Every structure is written in structure tokens, then in C-alpha cells.
Amino acid sequence: MGSRREKMEMIIPSDFKYLGAVDAAVQDLARELSCAQRWINDFSAALIEACSNAIEHGNKLSKNKMVRVVVNLNGQQIVARVHDEGDGFDYKKYLSETSPPDPLSERGRGILIMKAFTDRLKYSARPEGGTCLELVKNCDAEAVPKAAAE
Amino acid sequence: MKVSRRDIDAAVVLDVKGQLTGGPEAETFRDLFKAIVDEGHKNVIVNLKDVDWISSTGIGIMIRGYKTVREAGGHFILVRVGERTQQIFNVLRMHDIFQILATEEQAVEFLANPAS
Numbered sequence: 000m001g002s003r004r005e006k007m008e009m010i011i012p013s014d015f016k017y018l019g020a021v022d023a024a025v026q027d028l029a030r031e032l033s034c035a036q037r038w039i040n041d042f043s044a045a046l047i048e049a050c051s052n053a054i055e056h057g058n059k060l061s062k063n064k065m066v067r068v069v070v071n072l073n074g075q076q077i078v079a080r081v082h083d084e085g086d087g088f089d090y091k092k093y094l095s096e097t098s099p100p101d102p103l104s105e106r107g108r109g110i111l112i113m114k115a116f117t118d119r120l121k122y123s124a125r126p127e128g129g130t131c132l133e134l135v136k137n138c139d140a141e142a143v144p145k146a147a148a149e
Numbered sequence: 000m001k002v003s004r005r006d007i008d009a010a011v012v013l014d015v016k017g018q019l020t021g022g023p024e025a026e027t028f029r030d031l032f033k034a035i036v037d038e039g040h041k042n043v044i045v046n047l048k049d050v051d052w053i054s055s056t057g058i059g060i061m062i063r064g065y066k067t068v069r070e071a072g073g074h075f076i077l078v079r080v081g082e083r084t085q086q087i088f089n090v091l092r093m094h095d096i097f098q099i100l101a102t103e104e105q106a107v108e109f110l111a112n113p114a115s
């Protein structure tokens, strides 16, 4: 991967059917830098959850509101920012959830997936309205097979 | 996401294809379990071979299926779980809840003699 950098930006409607396009774009980006499949799958799982939240909890599934996804990948880390256009929500409470939900609960696992597959999560309110979630995953030995990194 | 249904002697088999997440198809899928149980079927096998990935919403659908089938006294079995889905299941310890078997044949074998 070395010092190469790749950037991707997408704007998707608030509809779950576009999550596959986000996954495909991140997979392509990672392929360009020869990232290990498992490593990028982990990150993509977290990004899919972030986009799902933006669609459902941020934009409340409004077809008039969009989700903007910006991903930067370099030799040190992959960083994604997911912006929604909603009215905001109590993300501090959301982020503070650390324990698994009731085993038979049908909801409440998105934050656990994001935390498990990233090194850092940060929510912030956008001055122009909406919320931005930043996800960061550091490149470790698993990120890039040795042969590809050389 | 697409869900195809096959009725075999031991169970209703649901073959899921695509991305197991939210949306209109997910709502239909969520309701399908109750419809199956209401028809008098007890056991459901969900084949995840062609699932690209699963989100937390998709996990919620599976839990709905599990609860619906178990409350009706049947068995809910997941088979042919792919690598990406497995990674999510591992993180969330879904193996503690779901019965997961390698193949549909193994599921049928289990249903023939579940107590052994």
C-alpha cells in the first residue's frame, strides 16, 4: 500500500438498496491498494451500519434527504465520514452503548458492529444541520499482505 | 434481497440471495415467518449461501424468525453461512442464539432426530 492514497465520495438517497453500492465502491478502493479482503470486509461492515443509521435514524428514510459518504484510504488508515441531513439525534447516548442488547432483541446491534470493526468512532453535529459520523480503522499487519505492501 | 421458498418434508427452506438488510423486501421477509407458522409448518431452514453480507437490520430479521418459529414449537436452523456473515455472527455471538449447521442435508438429518 505504501504512500499511495485513494479517495472516494458518494451521495446516495435514503434507501437501503444503495448500501450495496457503498460496499462495492469501498471494495474497489481497497483493491486498488491491495488491502486484505478480510480487513476491508470488516471496515465495510462498519460503514454499512453507519450508512444504515444515517438513512434510518438521521434522514428518517426521507426520499428528499441524501447521505454523503467520503472515504480516504492511505498507508496508515482508512477514514470514512458519513453525513446525513436529518434533525440530529442523541448520538452521545448512542455511542455510550457498550453492552449487547437483550439476546432476543431485534435491534441495537449496529453500534456494536461499528465499534468492533473500527478503531475510532466520532459523531459531530454539522453546522448546516444533520450529523456526521467519522469511522477510522488503522492499517495493521492484517490490512495488507506483505507481498502487496512491498 | 430475494427470498425463495421451498417446502420439503422436514421443513420450509428459505433461500436468501443478495444483501440481508432493511427495505421493503425485508419487511416482507420479516412477515413471512409468521405466515409459515400460521400455515401449520413447524421447522424453518434458512439457506444463507447466496447472501453477500448481513447488517444489524438483517440480524433483527433472523431473530424475528427464530422467535416466531421457536414460540410455535419448531426449529429454526441457519445453513451455509458465508464468510462475511460469519464475521458479523462471531462479533455478536449469534452462535449462542441460532442453531447454525454447515449444510441443508445436515439440518434435515438433525430434524429427523432432534433429541439425539
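Protein chains in written order, with numbering that gives the first Met the number 0: chain X, 0 to 149; chain U, 0 to 115. Beta carbons: idealized from backbone N, C-alpha and C, even for Gly. Since we're looking at a predicted model, the values are computed, not measured.
Counting only the same chain and skipping the five closest in sequence on each side, list residues whose C-beta sits under 6 angstroms from that of residue i.
{"i": "S61/X", "result": "S13"}
{"i": "I11/X", "result": "Y17 and V66"}
{"i": "T20/U", "result": "S54, T56 and G57"}
{"i": "E83/U", "result": "With the sequence shown as reference, residue 83/U is identified as Arg, and Glu is not the correct amino acid for it. Result list for R83/U: W52, in chain order."}
{"i": "F45/U", "result": "This sequence places Val at residue 45/U; Phe is not what is there. Hits under 6 angstroms: L13 and L77."}
If you follow the alpha helix (DSSP H) that residue i is in, where does it begin and where does it stop?
{"i": "L91/U", "result": "E82 to L91"}
{"i": "K92/X", "result": "Y90 to S95"}
{"i": "R37/X", "result": "Q36 to N52"}
{"i": "Q105/U", "result": "E103 to A111"}
Alpha carbons only, please: which of the options is nearest the one belonging to residue i?
{"i": "I54/X", "options": "M7/X, D22/X, Y17/X and S104/X", "result": "Y17/X"}
{"i": "D86/X", "options": "G128/X, L94/X and I47/X", "result": "G128/X"}
{"i": "C131/X", "options": "A49/X, E31/X and S33/X", "result": "A49/X"}
{"i": "F97/U", "options": "G72/U, M61/U and G39/U", "result": "M61/U"}
{"i": "A25/U", "options": "V90/U, N89/U, R83/U and V2/U", "result": "V2/U"}
{"i": "K6/X", "options": "V69/X, L103/X and Q36/X", "result": "V69/X"}
{"i": "Y90/X", "options": "L72/X, G109/X and S104/X", "result": "G109/X"}
{"i": "V50/U", "options": "E70/U, Q85/U, D37/U and G64/U", "result": "Q85/U"}
{"i": "K92/X", "options": "Y122/X, I47/X, L103/X and E31/X", "result": "Y122/X"}
{"i": "L72/X", "options": "S95/X, G19/X, D83/X and F42/X", "result": "F42/X"}
Could you check where the beta strand (DSSP E) with residue i kicks off and where it finishes?
{"i": "D49/U", "result": "V43 to I53"}
{"i": "T27/U", "result": "Where T27/U is concerned, there is no enclosing beta strand (DSSP E), although the alpha helix (DSSP H) it sits in stretches over P23 to D37."}
{"i": "K114/X", "result": "Run containing K114/X: none in the beta strand (DSSP E); it sits in the alpha helix (DSSP H), G109 to F116."}
{"i": "F15/X", "result": "Element bounds for F15/X: n/a, residue is neither H nor E."}
{"i": "Q76/X", "result": "Q76 to H82"}
{"i": "T130/X", "result": "T130 to N137"}
Near residue i, what residues of its chain come up, given a Cβ to Cβ distance below 8 angstroms and the 5 sequence neighbours on each side ignored?
{"i": "R106/X", "result": "P100"}
{"i": "K145/X", "result": "In this prediction, K145/X scores a pLDDT of 49, lower than 50, which makes its location untrustworthy; no coordinate-derived value is stated."}
{"i": "K66/U", "result": "none"}
{"i": "G72/U", "result": "K41"}
Does the beta-carbon of residue i, which I'm using as the reference point, lie nearer than 7 angstroms to any heavy atom of the ligand GDP?
{"i": "F109/U", "result": "In the structure shown, the ligand GDP is absent, as is every other ligand, since no ligand is present at all."}
Count the other C-beta atoms from every protein chain shown that fall within 10 angstroms of the C-beta of residue i, then say buried if there are 16 or more, exposed otherwise.
{"i": "I39/X", "result": "buried"}
{"i": "S51/X", "result": "buried"}
{"i": "N63/X", "result": "exposed"}
{"i": "S42/U", "result": "Going by the sequence as given, residue 42/U is Asn instead of Ser. Answer is buried; the Cβ neighbour count reaches 16."}
Within the same chain, show all residues whose beta-carbon is closer than 7 angstroms to that of residue i, passing over the 5 residues directly before and after it, in chain order.
{"i": "A45/X", "result": "I112, M113, F116, T117 and L134"}
{"i": "K59/X", "result": "G85"}
Between the stretch 114-121 of chain X and the stretch 65-79 of chain U, do at least 3 Cβ pairs fall closer than 8 angstroms? no
Validate contact between the stretch 76-95 of chain X and the stretch 45-60 of chain U using beta carbons, cut 8 angstroms, 3 pairs: no
Inspect the CB distances between the stretch 22-32 of chain X and the stretch 29-38 of chain U and report whether three or more fall short of 8 angstroms. no
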